[in-house]
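Going by the working numbering, the residue at position 94 of the sequence shown is 101; the numbering climbs one at a time, nothing skipped.
All C-beta atoms, glycine included, are put in the ideal place defined by N, C-alpha and C.
Below is one structure, written out as structure tokens; the observations come after it.
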Amino acid sequence: MTTLTILNDAALRIGLPQMSAAVGSTDPTALQLVALLQEELNYLINANQWTILDQEATFSTIPTEYQGEISTIAPGLRFILNNTIWNRDLRRPVFGPLSPQKWQELEAMQLKGPWNQFRIRGGKLYFLPAPATGHTCYFEYAGSYPVIAAADSSYKARVTLDTDTFLFVEEVLTLGLIWRFKGQKGFDYSEDRDKYNRLLLDEVARDGSKPTLNLVGGTGHELVPGIMVPTGSWGLSNGAE
């Protein structure tokens, strides 16, 4: 599922010639397809809270309120997933995010503790009160890097090589590319967009694991007190032995 594979699949369905190269090409059509593929990726990032884009970040605390640039701690961060920041050394949650109003209130009133709270301001992560040095914190966040680099399998935001691959399903990207290209050229794209929307809704529904719903409570998999008897053939006894 490389960049070039997706572009050529879309080109074949649209009726365009196949390409031997696209990214960095001098062919205007190839460059337009690359730009539209990037537009599709940018749209998908914000279309759903995709578990395939979720990442885990870690950092060591320093003894100041300022803990570092959030872009360095969590590359590609869109937002931190609620209630996931934990200090693993203290085995405590880090509460937040604090609103600007609450943060200024706590600063003015000198009410800074006992447990850490956080906020992000100006692209920087802050803790209140300032933590001890060297504590290891972890959190999960919704990311914005859907492209897998061909060179080292790292994640990135933009398509830069014909051999890049993607976290999103290939057919979603292909259908999205087809209707966007037709729209740019002034062709009728309603049927193509409808097909794309149906597949996208299916992918949103399938994304990540889903719990089994139980209207009487619980998941149906809880262990309950009782005697566990292994399955098998068991002889009967009259209790005389």
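query: From this set, Arg213, Phe173, Thr79, Asp214, which residue's C-alpha is nearest Ile13's C-alpha?; result: Phe173
query: Counting only runs that start and end within the stretch 28-80, where is the beta strand (DSSP E) found for 3 or more residues in a row?; result: 61-67, 73-76
query: What's the gap between the Cα of Ser78 and the Cα of Phe86?; result: 11 Å
query: I'd like the list of long-range same chain contacts for Thr143, defined as Cβ closer than 7 Å, with 5 residues on each side in sequence excluded.; result: Thr65, Ser67, Arg95, Asp96
query: Just the C-alpha distance for Lys119 and Ile52, rounded to the nearest angstrom, thanks.; result: 37 Å
query: Taking the alpha carbon of Leu127 as the reference point, which residue from Ser32, Leu168, Ile92, Ala156 has its own alpha carbon closest?; result: Here residue 127 turns out to be Ile, not Leu, going by the sequence shown. Considering only alpha carbons, the answer is Ile92.
query: Go through its chain and collect everything with a Cβ distance to Tyr203's Cβ below 8 Å, but skip five positions before and after it.; result: Val179, Leu182, Gly183, Ile185, Trp186
query: What residues are listed by DSSP as bridge partners for Leu132?; result: Gly75, Ile127
query: By Cβ distance below 6 Å, which residues in the same chain neighbour Ile155 in space, the five residues on each side in sequence not counted?; result: Thr172
query: Might you give, ordered along the chain, the residues of its own chain that have their beta carbon closer than 7 Å to the beta carbon of Glu210, omitting 5 neighbours on each side?; result: Val176, Val179
query: Taking the DSSP output, what are the residues bridged to Lys163?; result: Val154
query: Tell me whether Arg99 sits in a helix, a strand or coil according to DSSP, three-state version.; result: strand
query: Between the stretch 156-168 and the stretch 44-63, can you find at least three pairs of beta-carbon atoms closer than 8 Å?; result: yes
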